[in-house]
Amino acid sequence: MIKITFPDQSVKEFEGGVTPYAVAESISPRLAQDVLVAKVNDEMWDLSRPIESDAKIELFKWDSDEGKHAFWHTSAHLLAEALQELYPGIQFGFGPAVENGFFYDVMPANGVAISENDFPKIEAKMMELARQDEKLIRREVSKADALSEFKAAGQTYKCEHIDQDLEDGTISTYTQGKFTDLCRGPHIPSTGIIKAVKITNVAGAFWRGDAKREQMTRIYGITFPKKKLLDEYLVMIEEAKKRDHRKIGKEMELFMFSDRVGKGLPIWLPKGTDMRLRLQDLLRRLMKPYNYQEVITPGIGSKQLYVTSGHWAHYGKDAFQPIQTPEEGEEYMLKPMNCPHHCEIYASKPRSYRELPLRICEFGTVFRYEKSGELHGLTRVRTFTQDDAHIFVRRDQVKKEFENVIDIIQAVFRIFKFENYEAQISLRDPADKEKYIGSDEIWEESQNAIREACREKGMQTREEIGEAAFYGPKLDFMVKDAIGRRWQLGTIQVDYNLPQRFKLEYTTDDNSKETPVMIHRAPFGSMERFVAVLLEHTAGKLPLWLTPDQVAILPISEKFNDYAESVRKELDKSGIRAFIDDRNEKIGRKIRDNELKKVPYMLIVGDKEQQNGEVSIRKQGAGDEGSKKIAIFAADLVQEVENQINNSTAN
RNA sequence: GCCGUUUUAGCUCAGUGGUAGAGCACAUCCUUGGUAAGGAUGAGGUCUCGGGUUCAAAUCCCGAAAACGGCUCCA
């Protein structure tokens, strides 16, 4: 008998060689039916794989990441099996599960192309195979056997993978039906559990992610254990498309791109600019209690500045190349970062410890070369404006100042109702020290300062090794939007290196010289990216305080245009942004159109309202709210705006 | 940058070798209306650009550009 320990620490005895499936059965038939995969002693484990000695066990169903992962991993094999039947001689690369489904990288024989038109055929074949409900059978094989087996099958990529990456004694294969794949596992017990499949996308992908190697065809798909779940997923995808900031930005006339101006260069239209300036004002307001000093620095800088900062060595060849003055041949770079300029501001006069922390902020527009295929709406562009700041502190002030910045970022998230966010601490990879500059001691100190600040703030954090910037560790904030997608927004980075490179110093209380530490921070990240995320999060229904058009005034007929204008003027005195819809249309039409434009308030004005100096109020999404005096409506609205911004600035 | 797909009116899209279409938006006129689409008329296009094939190209072929989906990258 062996002892099996469950996650709740309870222990049960079983015969040696018991399978996780049998363990699940012993708990309940329902669990046995739903369980997909197990974890035995922290190793992922097939349900049919025997357990020979005492072990910890965890069982996973569809509702867990582990369960989904195994389900999609098996689905990748099912896709491969289908492709093998449909495209004889096809070769396989890698076929893993990913966040939403799975993919398989393949190379069809004789240069055959697989396109969207082939998806229905592939889906049908996968379902046909799934209905045969084949078991997935695990086999452990020697390296030599694996090589000869996959060589015989003509799978050159698999052979390369076995040959170069795998060690004898660790190799296993999985077989379902007529398809055998090299695979570590684990898998769900059989393909019959897969009830719905959607091939979502096809794209090129380099073998082993190496741009110098062959380009394979990557086929993406997603599967579900119930048809209904697929339908829900497809609805969610549709919703995401409707929320696409590129579509909404165009509809709302916030920003545009022009081929003639150049790709990746966003143009902020009047309404977008209006909104962006309001966002900047919000930040200024949030920064006010912390004594930031706003500056404006040039859009270019001498190349030598970036040689000093280290950016030239690290990014020079991947940046827009330096521009030269025609007569003198001086070299300038389009500004890719604001920090060197801010270091020069610090260095412009002798500094005392009494001045620290010194907080320099700038809405600084930077230019970065991005490869053309990487550009995407407002989220990936070649010029953008950072809500940047550089804070110069003493080493013993790092933690406290870090906390101050966290407060600002959290206030931003509260105001925009990003309730789900994750904080990621990006650390240096100790195995790859050449990638980074600075001493071990300094890295340790700064990484710990971040950890402690997060702990003080009671934040849940995740640590990622090797994700740090080359000059220091950072804390990144990822928010989840209204339909659950993750976006990276705010960032805080500690930098002990740049101040040294710029030979920055301050005079201490005992009249010696010390080098300050620099904290880079951007609560929004960039104005462009933030606006994109905000549009997708709100589906374009911007909060009242931010939206370019707060109020639409709708005259019943043109006889009331003059009254409408007097209402507009009155609201304008309170800083309310209102416009008159004086088109020659009936009131129903005006209501419908402005409702679809997501204008937060509509004011209907006709004879009754004019007689009483009132407006009839209609709230977006809510309908008729009755009439009020103009001044009362204006005061209510001003109050609503104040509440939206203020309830989050209190602490 | 690489692979694939796409590019037709301001927007969303149909058309597919033989005189360029729809809906919405826009303009003019009628209508002057009370809480989610009033009616009529009209204007609007080098069918992304450059070559080629053809009696004839928006349509077929080649090249370029841009957008989109991935890959790779992201200070």
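Following my numbering, the residues of the first sequence are numbered contiguously, the last one being 651. For every residue, glycine included, the Cβ atom is placed at its ideal position computed from N, Cα and C.
Give me the residue from F94, I248, V393 with the minimum Cα distance to R659.
Nothing in the structure corresponds to residue 659, since the chain is present only between 1 and 651.
On the premise that Q155 lies in contact with F92, defined as a C-beta separation below 8 Å, what is that separation, rounded to the nearest angstrom?
6 Å
If you draw a straight line from the C-alpha of R382 to the C-alpha of G264, how long is it?
5 Å
Looking at the secondary structure, which residues open and close the alpha helix (DSSP H) in which K162 lies?
A small correction: the amino acid at residue 162 is Ile; Lys does not occupy that position in the sequence shown. Counting along the chain, the alpha helix (DSSP H) containing I162 begins and ends at 156-165.
Beta-carbon proximity of L36 to G67, cut-off 8 Å
yes
Would you check if the region 163-175 and the region 130-141 touch, i.e. whether three or more CB-CB distances between them fall below 8 Å?
yes
Would you identify the three-state DSSP class for M1, choosing helix, strand or coil?
coil
Let's see if you can read the secondary structure: which residues bound the alpha helix (DSSP H) around D105?
Run containing D105: none in the alpha helix (DSSP H); it sits in the beta strand (DSSP E), 101-107.
Applying the 10 Å Cβ sphere with the 16-neighbour rule, what's the burial state of N338?
buried
A109 classed as buried or exposed, judged by whether at least 16 other C-beta atoms fall within 10 angstroms:
exposed
Within 10 angstroms of the Cβ of I323, are there 16 or more other Cβ atoms? Answer buried if so, exposed if not.
exposed
Which first and last residues belong to the beta strand (DSSP E) in which C652 is found?
No answer is possible for residue 652: the residues shown for the chain start at 1 and end at 651.
Under 8 Å Cβ to Cβ from F579, same chain only, skipping five residues before and after it: list those, please.
D549, V551, A552, I553, R568
Can you name the start and end residues of the beta strand (DSSP E) that L59 belongs to?
55-60
Is the number of C-beta pairs between the region 24-34 and the region 52-70 that are closer than 8 Å three or more?
yes
Considering only residues of the same chain and omitting the five flanking positions on each side of F206, which have a CB-CB separation below 6 Å?
R213, Q215
Could you give the uninterrupted runs of the beta strand (DSSP E) lying entirely in the region 464-539, keeping only those of 3 residues or more?
474-480, 486-495, 517-522
Considering only their Cβ atoms, is the gap separating A634 from E565 smaller than 8 Å?
no
Say the cut is 7 Å; is the CB of A211 nearer than that to a heavy atom of the ligand PLP?
Of ligands this structure carries none, so the ligand PLP is not represented either.
Cβ neighbour criterion (16 or more within 10 Å) applied to V11:
exposed
Just to confirm my understanding: we take K303, look at its own chain, exclude 5 residues before and 5 after, and list those with CB closer than 6 Å. What are they?
P322, E331, M333
Same chain, Cβ closer than 6 Å to N651, five either side skipped, listed in chain order:
Here the model assigns N651 a pLDDT of 43, short of 50, so the residue's position is not dependable and the matter cannot be decided.
Can you check whether the CB of D510 is closer than 8 Å to the CB of G466?
no
Residue range of the unbroken alpha helix (DSSP H) whose run includes E655
Only positions 1 to 651 of the chain appear in this structure, which leaves residue 655 out of reach.
Pick from D387, G490, P340: whose alpha carbon is nearest that of E422?
G490
Assuming E625 and R618 form a contact by the criterion Cβ under 8 Å, report the distance between their Cβ atoms to the nearest whole angstrom.
6 Å
Is the Cβ-Cβ distance between D396 and F524 less than 8 Å?
no
Note down the Cα distance separating R285 from P357, rounded to an integer number of angstroms.
19 Å
Alpha carbon to alpha carbon, how far is W487 from D476?
10 Å
Grab the span of the alpha helix (DSSP H) containing I345 for me, first residue to last.
339-347
Any chance the region 215-228 sits against the region 180-195, with 3 or more Cβ pairs inside 8 Å?
yes
By DSSP, does A650 sit in helix, in strand, or in coil?
At A650 the pLDDT is 44, less than 50, meaning the model places this residue with poor confidence; the figure from the coordinates comes in the next sentence. Correct three-state label for A650: coil.
Rounding to the nearest angstrom, what Cα-Cα distance links E13 and P186 in this structure?
24 Å
Residue range of the unbroken alpha helix (DSSP H) whose run includes G221
First-last for G221: 215-224, but that is the beta strand (DSSP E), not the alpha helix (DSSP H).
Opening and closing residue of the beta strand (DSSP E) in which I580 lies:
578-580
Would you report the Cα separation of L283 and F530, rounded to the nearest angstrom?
12 Å
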